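With our numbering as the guide, the letters of the sequence shown map in order to residues 1 to 466. Quick reminder that beta carbons are idealized off the backbone N, C-alpha and C, glycines included. Please read all numbers here as calculations on a predicted model, not as lab measurements.
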Amino acid sequence: MAETSSLLRNHTGYRIAGSNPALSAIYIKTPRTAGRFCLCCKISGTLYPTGMTVSQEQISDESRVTSYENRGSLLDTRYSRLAPARNTLRSSAHTHGQTFSTRPTPQLRYTMPPEKFRQGDAMTDTLTIARPDDWHLHFRDGDLLAETVPATANVFGRAIVMPNLTPPVNTVAQADEYRQRILAQVPAGVTFEPLMVLYLTDTTPVEEVERAAKSDFVHAFKLYPAGATTNSDSGVTDPGKITHLYAAMEKHDVPLLVHGEVTDADIDIFDREKVFIDRYLNDIRRQFPGLRIVFEHVTTSEGVHFVREASELTAATVTPQHLLMNRNDLLVGGVRPHNYCLPILKRRQHQESIQQAVLEGHGRFFLGTDSAPHARNKKEAACGCAGCYSARAALPLYASFLEQHNALDKLEGFASHFGADFYRLPRHTDTVTLVRKPWSVPEVIDAAGEAMVPFYAGQQLPWSLG
Ligand code: NCD
Ligand code: ZN
């Protein structure tokens, strides 16, 4: 047995500083062996609590590969929850042996799951939660519905259906027809409720808000600033000029869903969310305190802050891509069109703000996949479309992220409770079960005769749907 400190002479190692010095540890890099890395690991190696004695064999034992890569503050947060002995246990138990993918795309690096899921009892390999809902979804229309509707309805009980079709869904009557087309594609034996949304324009009449309030299937209006994203050309040209519609929504208690980006050519794409908050959203929030607002697909610290600071009537949806990725995943090593969505992925500090809200189980941040299919040739193009098709993989992706941060217990609130509470709809009483069984996201999906590359295509996830 040799002291950890002496082994450092022969191996690259560094101290992981936790907030509690007792939990500090030494990370020791062992030699890389091509093709033998675990899915979750960039560096093979293991973690030893400071002062612990370890042998040379222990260090070079590849079954001890861990995911304890130095990833800054989040890493510290994660470690500060672990007792040293447990670190060691987790390291040596880390033998699931999946092959590490050399693709730069995945942000997930899986750690061992919380103890409660590894006790060898009925909990070991399954996770059952109340049926989730998707609070931000693009089904599209026509033949594509045969793919998109079952993909969502097989997992989620309800979905907020985005209205950015061509032409958009502007009226209750159009929403009713679209809803029938969706329901026609729900698989036999599956219960699924599409929650319809109307697309705001400069000329939406106040009476449409009244009609929406009276209908039992329209649940919100969506504000797309004109030109902000896919099929938003007939959106609102000046969000500051439709206050009469916000007043009507407040009066009739119909939520306003916001794509929070300005579209000015001279505003940098990475600043557009922040400028939208400063220029419009703060005022709307102040002027209409009784209006329920959902900050859709939040992507920045400023967006997270806006929601945190606001009352119970302000919430946000969180997509898998904004939780799992930052702009490096879009741009480093080449442009990755399948990670391109709007609002665009931001820098890592923004990603961490979103992660923090979800990891703490904040009740006004809930699941909204923003699953938005585009044909492969429209994504892999000189001018590629924005949107990630995540419907099939979304729940396993969220579960894997939470497990990575020892927070699987936050999945049910995020996926199944908080959104229903905000929309004042009953929580589901039936359940879905996730199984700890590796599952590979398809490389490509044939939808309506066209190839589509889903989000996380070809990647293996540790959880699948039971
Ligand atoms: C969405 C789409 O393709 O409809 N795209 C996206 O990048 N998110 C529209 C949207 O929600 O902005
Ligand atoms: Zn969307």
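Counted within 10 angstroms of its Cβ, other Cβ atoms place residue i as buried (16 or more) or exposed
i	result
C388	buried
T299	buried
N164	buried
R285	buried
L349	Here the sequence assigns Gln to residue 349, which means Leu is not the residue at that position. Classification of Q349: exposed, given that the 10 Å Cβ count is below 16.
P187	exposed
P462	buried
A222	Before going on, a small fix: residue 222 reads as Lys here, not Ala. Result: buried.
C479	Residue 479 lies beyond the range of the chain shown here (1 to 466); nothing can be said about it.
A248	buried
D253	exposed
R424	exposed
E273	buried
K269	Reading the sequence as shown, one finds Ile at residue 269 and not Lys. I269 is exposed by the Cβ-count criterion.
L82	Confidence at L82 is low in this model, with a pLDDT of 28, below 50, so the placement of that residue should be treated as unreliable; the coordinate-derived value is given next. So L82 counts as buried.
R339	A small fix is needed here, since residue 339 is Asn in this sequence, not Arg. Label assigned to N339: buried.
P426	exposed
P167	exposed
R179	buried
A382	exposed
V169	buried
Nearest-angstrom Cα separation, counted from residue j out to residue i
i	j	result
D283	A310	12 Å
A386	R292	27 Å
T191	T148	15 Å
P225	D125	45 Å
T243	L200	12 Å
S234	Y280	19 Å
R364	D216	24 Å
L408	D421	20 Å
L324	Q351	8 Å
A316	F295	4 Å
E450	R336	20 Å
D484	H374	Nothing about residue 484 can be read from this structure; the chain reaches only from 1 to 466.
V172	D134	21 Å
M196	V155	18 Å
A415	L465	14 Å
K378	P454	13 Å
L367	A265	31 Å
W439	V206	48 Å
G290	L313	7 Å
R347	N326	5 Å
M452	G384	13 Å
G189	Q355	36 Å
Residue i: CB within 7 Å of a non-hydrogen atom of the ligand ZN
i	result
H338	no
D370	yes
H244	no
M196	no
H297	yes
H219	no
M162	yes
H322	no
H136	yes
Check: residue i C-beta below 7 Å from any heavy atom of the ligand NCD
i	result
G387	yes
L342	yes
T328	According to the sequence provided, residue 328 is Asn. The question's Thr does not apply to it. Because no heavy atom of the ligand NCD lies under 7 Å away, the Cβ of N328 does not count as near it: no.
T166	no
T300	no
N231	yes
H252	no
H362	no
H259	yes
Residue span of the alpha helix (DSSP H) that contains residue i, given as start and end
i	result
T204	Counting along the chain, T204 falls outside any alpha helix (DSSP H), and DSSP gives it neither H nor E.
L183	172-183
E309	301-309
R348	348-359
A151	145-153
E403	394-404
K379	376-379
F422	418-422
L331	328-331
H219	That residue, H219, is in no alpha helix (DSSP H); its beta strand (DSSP E) goes 218-223.
P462	First-last for P462: undefined, no H or E at that position.
N-terminal and C-terminal residue of the beta strand (DSSP E) that residue i is part of
i	result
I277	Unbroken run through I277: none, as it is neither H nor E.
K241	Element bounds for K241: n/a, residue is neither H nor E.
A130	126-130
D446	445-447
D134	134-137
L367	365-367
P194	193-199
Chain B contact for residue i (CB, 8 Å cutoff)
i	result
D329	No chain B appears in the structure shown, which is made up of a single protein chain.
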